[in-house]
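Q:
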């Protein structure tokens, strides 16, 4: 079976090939209800059609943007004259331009059109907004009514009745429904009213129950996925409103909003560039053009859905939602759904194999039953005499065969994966992890390596300046005496230079909150510096008014520094450049330093070595180090870059970022689970090593710097990568190289964290990309599989725990369902062959099908994870899904149940001492009741495939307990009160006790089975351990 599944039903968890997707679709067969079974499967034809539409639309947009002479369909708003009339509603609202006119400004990229409205300032006047104060919060609702909402039109969500309709498309249920109606007709003719209709009506009622329970389960799943989809689309955007900078949802953006853009942001609406530095926009999502576009005062047009590749800016929103090109593109496209997960595909394969076997048994059972009936008629010389009673018997035989198909084809197997994933995703959302792709949830259970960032993931990301080296002195910064410590020990000129560099060389902003308190909007590192500047008594407004910023080169993970150029206001046309960033990099740019007397002197080799020792000293105390430098420039033109050499070093700042509580324990949990944790950071190697030791990551392995790693030969990389535990001063390319080697050379399942725009390739390459929710850019989030909303490493470990739980839960459910399949098939087939009748009626079998399908999935596929899951090695990339342990349990339980039920079928009357006219129906009721209770107790057994104590945590799993209670209650109602429809009779308390005890014996059988040793398979796990880590013990007692 495993070989067949691997050859035909195997897909990659991420970016599966078209060939693999087509292969399993052609291999799948014996499907009762394609509409329901393939509801969560990608529609490849629709997807291909969408891709064609996308390309055609992108070409149209490309023509409009880059070949404007061909874009004749756009309105030339510049030709609008005095006869141009605004709608009455817009005039009354005080606006001087309508939504379509605004949309055309950006859509046509027409500068003449913009000039007609007197530029950005003129457009701002026409939409009644101040470029400094922004929109008033009280005006937002009014603007949404006039200019529209920032949402693109979506397909309406499916109602509950659509799921009912899907559930009713089951071919076997339709056949049974027809059989039931025929049975009612034949029954009334042969047995009269109302007795003749009971069998048929019982089947119809049971079918309706199955349909409604299935529909409710599917509908609830769809609501969970809808909620998660809303979360995925809800992006936070920085805007200026009510004269202050604040964060709002992308859906709340309105025309007139002043949006702040920085590296990695998604442009939330169409707009116009107000001000900014070095803004580079990637428009490939819209136009298909890979080359980034410079946006500035001369080319001020910004399009919704594009991304900021570099620089920063402020933008005026002039068109939202469906009036943007992005909105139109998203409305036109239907992507055909997400790719199916490997488990869904594999279980479609399992369902196909079992379905074929079930279909064979059903046909064989029908042939045997019909054959026995015809032989009986021949023996009694009645082959030419046919009555309605004979027709009724043949109809019942056919119904029995169909019922065997209903039970034998495990339609619920692939859908159980969806149920389990939906449950896990909902729980992970509560635990601060947003799963963007279904497959990531199950792949995380196989992760053997986590490559994690340091800042914000392992540390708190709440940074404070702890030490500063300036004018040759190291000062510890204690709360309350910051200003005095520095002011008294350094010259006034250097003190002023330090404050100027802090307040002007920054991408963050100091704003007033609603409560009037000062807030800092920006990255934690820059926030720590600005907070330090404020506590030194500095005033950012004073410096920004006095010195005009001429040019900015923002920080990114490649440059590892930020530079700014300001004009010196002395009328001499002089400029000053400030640079801050990674200590070693900025120190290399310096040839001068400020000495103890506050004078600028040349930097000799001895002083350089001394400063390097200061940097290493700070770093060894787990402080993040930044160098601050300046350079005065005589001449500068707009086309020049900010200088890259001959700076004067002002000082070195040591920023404290403590390790998060619980991280050390989380790393230890990973090591116990056979997962190697590697730290990949852009920080100083000594800082990285200090934090890694504190977290328990760096033990006997290697700490390496990015440049050293980059320069290794392929063979050297192959030798060193298994030993790497820390990589410092790394570029995003280094992270990508590491991930690629771990996956392709060492066949590891790799999870990677990332927050920057340049981390996108590594996040995309990894088996599981984890983007940071707080520090992460929108580009990083778009390329990730999971968004860690609290940026916490402990949350990543929790995702791993749930990933393992999903996989194990599906295995439990498969073990349970295969046992019911085997027992139901063999019981009906053997009974039909020997006695000429099946012991379980259509209604009873439909109820059993619901227990093992919808209710079984609900009980077993939604079990929460337990600590034992993190005491075993990761699930291998090519692990067998149905393991030898599962086969042991399935075969053992099936043998016990088949023997017991067949003994009851053929010797039950003697053993239970049943006699009288109703002995047969009492025995059949006992067999049905015993069969159900065997499944109830086997469901409890299936909670753990290896441990003997299956009751641990059972009573805290409320879903499991509710399903158990509902099953037992409804079983009692069927036996005691619905006998007319289910062909059962009420049982005495003794017979109830017999049924329950026979079912309970399966608990003892399970204990015996779990004591039978099973040789482990090489396909069960792919175990990887860090150097020096002892292999974990295995066995039932360690599970």
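Residue numbers (the working numbering): 150 to 1188.
Yeah, the Cβ is synthetic: ideal placement off N, Cα and C, and Gly gets one too.
1) Using the Cα positions of residue 673 and residue 610, report the straight-line distance between them to the nearest angstrom.
2) Short of 7 Å in beta carbon distance, which residues of its chain neighbour residue 982, apart from the five on each side in sequence? Order them along the chain.
3) Just to check my reading of the structure: residue 547 and residue 515 have Cβ atoms closer than 8 Å, yes? What is that Cβ distance to the nearest angstrom?
4) Straight-line CA distance for residue 994 to residue 1116?
5) Can you check the stretch 425-509 for any beta strand (DSSP E) of at least 3 residues that lies completely inside it and give the ranges in chain order?
6) DSSP has residue 725 in a bridge; who is on the other side?
7) Using 10 angstroms around the beta-carbon of residue 1055, count the other beta-carbons present and answer buried if the total reaches 16, otherwise exposed.
8) Let's test the definition: count the other Cβ atoms within 10 Å of the Cβ of residue 961 and tell me whether it reaches 16, buried, or not, exposed.
9) Kindly indicate which three-state DSSP category residue 409 falls into: helix, strand or coil?
10) Taking only the alpha-carbon atoms, compute the straight-line gap between residue 228 and residue 212 and give it to the nearest angstrom.
11) Using 8 Å as the threshold, is the C-beta distance between residue 966 and residue 1001 below it?
12) So residue 406 and residue 360 are supposed to be a Cβ contact under 8 Å. How far apart are they, rounded?
13) Spatial neighbours of residue 267 within its chain, please: C-beta separation below 8 Å, excluding the five flanking residues on both sides.
14) Who does residue 419 pair with in a DSSP beta bridge?
15) Assess contact between the stretch 824-832 and the stretch 779-787, defined as three or more Cβ pairs (one per stretch) separated by less than 8 Å. Is contact present?
16) Identify which residue in 899, 1030, 915 has its Cα closest to the Cα of residue 499.
17) Would you kindly work out how many angstroms separate the C-alpha atoms of residue 1023 and residue 596, rounded to a whole number?
18) What number of angstroms, rounded off, separates the C-alpha of residue 944 from the C-alpha of residue 1094?
19) Our contact map puts residue 929 next to residue 903 with C-beta atoms below 8 Å; I'd like the distance itself, whole angstroms only.
20) Measure from the alpha carbon of residue 169 to the alpha carbon of each residue in 199, 494, 308, 243, then state which is nearest.
21) In whole angstroms, give me the CA-to-CA distance for residue 331 and residue 1066.
22) If you follow the alpha helix (DSSP H) that residue 1107 is part of, which residue opens it and which one closes it?
23) Where does residue 600 sit, in a helix, a strand or coil, going by DSSP?
24) In the DSSP assignment, find the beta strand (DSSP E) that holds residue 536 and state where it starts and stops.
25) Quick one: measure Cβ to Cβ for residue 470 and residue 297, integer angstroms, because I've assumed they're closer than 8 Å.
26) Mind pulling the beta strand (DSSP E) runs of 3 or more residues that sit fully within the stretch 633-665?
27) In or out: residue 732 buried (at least 16 other Cβ within 10 Å) or exposed?
28) Reducing DSSP to helix, strand and coil, say where residue 393 ends up.
29) DSSP on residue 852, reduced to helix/strand/coil?
30) Just how far apart, CA to CA, sit residue 657 and residue 192?
31) Candidates 437, 497, 1119: which alpha carbon is nearest residue 1131's?
32) In terms of alpha-carbon separation, which member of 198, 679, 295, 652 lies closest to residue 237?
33) Note down the Cα distance separating residue 445 from residue 932, rounded to an integer number of angstroms.
34) Please state whether the Cβ-Cβ distance between residue 1149 and residue 1090 is less than 8 Å.
35) Please state whether the Cβ-Cβ distance between residue 715 and residue 724 is less than 8 Å.
36) Keeping to the same chain, check which residues put their C-beta closer than 7 Å to that of residue 1026; ignore five residues upstream and five downstream.
A: Inspection of the coordinates gives the following:
1) Within the chain shown, residue 673 is the residue found at index 524, counting from 1. Within the chain shown, residue 610 is the residue found at index 461, counting from 1. About 6 Å.
2) Within the chain shown, numbered from 1, the residue matching residue 982 stands at position 833. Apart from sequence neighbours up to five positions away, the residues of its chain that approach residue 982 with a beta-carbon distance below 7 Å are 517, ordered along the chain.
3) As a working mapping, residue 547 is identified with position 398 in the chain shown. As a working mapping, residue 515 is identified with position 366 in the chain shown. Confirmed, Cβ separation roughly 6 Å.
4) By one-based count along the chain shown, residue 994 stands at place 845. By one-based count along the chain shown, residue 1116 stands at place 967. The alpha-carbon atoms of residue 994 and residue 1116 are separated by roughly 14 Å.
5) Listed in chain order, the complete beta strand (DSSP E) runs (minimum 3 residues) inside the stretch 425-509 are 456-468.
6) Position 576 of the chain shown, counting from 1, holds the residue named residue 725. In the DSSP output, where bridge partners are listed per residue, residue 725 has 715, 781.
7) On the chain shown, position 906 is the one that residue 1055 refers to. Exposed, by the Cβ-count rule.
8) As a first step, residue 961 is located in the chain shown; it is residue number 812 there, counting from the start. Burial of residue 961 is indicated by the presence of at least 16 other C-beta atoms within 10 angstroms of its C-beta.
9) As a position in the chain shown, residue 409 is number 260, starting the count at 1. Strand.
10) Indexing the chain shown from 1 puts residue 228 at position 79. Indexing the chain shown from 1 puts residue 212 at position 63. Caution applies to residue 228, whose pLDDT of 43 falls short of 50 and renders its modelled position unreliable; the value that the coordinates give is listed next. The straight-line gap from Cα to Cα measures roughly 21 Å.
11) Stepping through the chain shown from its first residue, residue 966 is reached at position 817. Stepping through the chain shown from its first residue, residue 1001 is reached at position 852. Taking 8 Å as the cut-off, the beta carbon of residue 966 is found closer than this to the beta carbon of residue 1001.
12) Numbered from 1 along the chain shown, position 257 holds the residue referred to as residue 406. Numbered from 1 along the chain shown, position 211 holds the residue referred to as residue 360. 49 Å between Cβ atoms; not a contact.
13) Position 118 of the chain shown, counted from the first residue, corresponds to residue 267. Closer than 8 Å at Cβ, skipping near neighbours: 274.
14) Translated into the one-based positions of the chain shown, residue 419 becomes position 270. DSSP lists 468 as partners of residue 419.
15) Touching, no.
16) As a working mapping, residue 499 is identified with position 350 in the chain shown. Scanning 899, 1030, 915 for the CA closest to the CA of residue 499 turns up 1030.
17) Position 874 of the chain shown holds residue 1023. Position 447 of the chain shown holds residue 596. Roughly 6 Å separates the two Cα atoms.
18) Here the question's residue 944 lines up with position 795 in the chain shown. Here the question's residue 1094 lines up with position 945 in the chain shown. Computed Cα separation, rounded: 27 Å.
19) Mapped onto the chain shown, residue 929 falls at position 780. Mapped onto the chain shown, residue 903 falls at position 754. Yes, residue 929 and residue 903 are in contact; Cβ-Cβ is about 5 Å, under 8 Å.
20) Counted from its first residue, the chain shown places residue 169 at position 20. Looking at the Cα atoms, 494 is the closest of the given residues.
21) Here residue 331 refers to the residue found at position 182 when the chain shown is read from its first residue. Here residue 1066 refers to the residue found at position 917 when the chain shown is read from its first residue. Cα to Cα, residue 331 sits roughly 28 Å from residue 1066.
22) Position 958 of the chain shown holds residue 1107. First-last of the alpha helix (DSSP H) with residue 1107: 1107-1126.
23) If you number the chain shown from 1, residue 600 lands on position 451. Here residue 600 sits in strand by DSSP.
24) Position 387 of the chain shown, counted from the start, is the residue given in the question as residue 536. Going by DSSP, residue 536 is part of no beta strand (DSSP E) at all; its letter is neither H nor E.
25) In the chain shown, counting from the first residue as 1, residue 470 sits at position 321. In the chain shown, counting from the first residue as 1, residue 297 sits at position 148. Between residue 470 and residue 297, the beta carbon gap of about 5 Å places them in contact (Cβ cut-off 8 Å).
26) Complete beta strand (DSSP E) runs here, min 3: 658-661.
27) For the purposes of this step, residue 732 is taken as residue 583 along the chain shown, with counting starting at 1. Residue environment: residue 732 is assigned as buried (16 or more neighbouring CB atoms within 10 Å of its CB, all protein chains considered).
28) The sequence position of residue 393 within the chain shown is 244, counting from 1. It is a strand residue.
29) The residue you call residue 852 lines up with position 703 of the chain shown. Under the three-state reduction of DSSP output, residue 852 falls in the strand class.
30) Position 508 of the chain shown, counting from 1, holds the residue named residue 657. Position 43 of the chain shown, counting from 1, holds the residue named residue 192. Residue 657 and residue 192: Cα-Cα distance of roughly 45 Å.
31) Numbered from its first residue, the chain shown carries residue 1131 at position 982. When each option's Cα is compared against that of residue 1131, the closest is 1119.
32) Here residue 237 refers to the residue found at position 88 when the chain shown is read from its first residue. Restricting attention to 198, 679, 295, 652, the CA atom closest to the CA of residue 237 is found in 295.
33) Sequence index remark: in the chain shown, residue 445 carries index 296 (1-based). Sequence index remark: in the chain shown, residue 932 carries index 783 (1-based). Answer to the nearest angstrom: the Cα atoms are 27 Å apart.
34) Within the chain shown, residue 1149 is the residue found at index 1000, counting from 1. Within the chain shown, residue 1090 is the residue found at index 941, counting from 1. Taking a C-beta distance under 8 Å as the contact criterion, residue 1149 and residue 1090 do not qualify as a contact pair.
35) Residue 715 sits at position 566 when you count from the first residue of the chain shown. Residue 724 sits at position 575 when you count from the first residue of the chain shown. Cβ atoms of residue 715 and residue 724: closer than 8 Å.
36) Position 877 of the chain shown, counting from 1, holds the residue named residue 1026. Only 595, 896, 898, 1171 meet the Cβ criterion.
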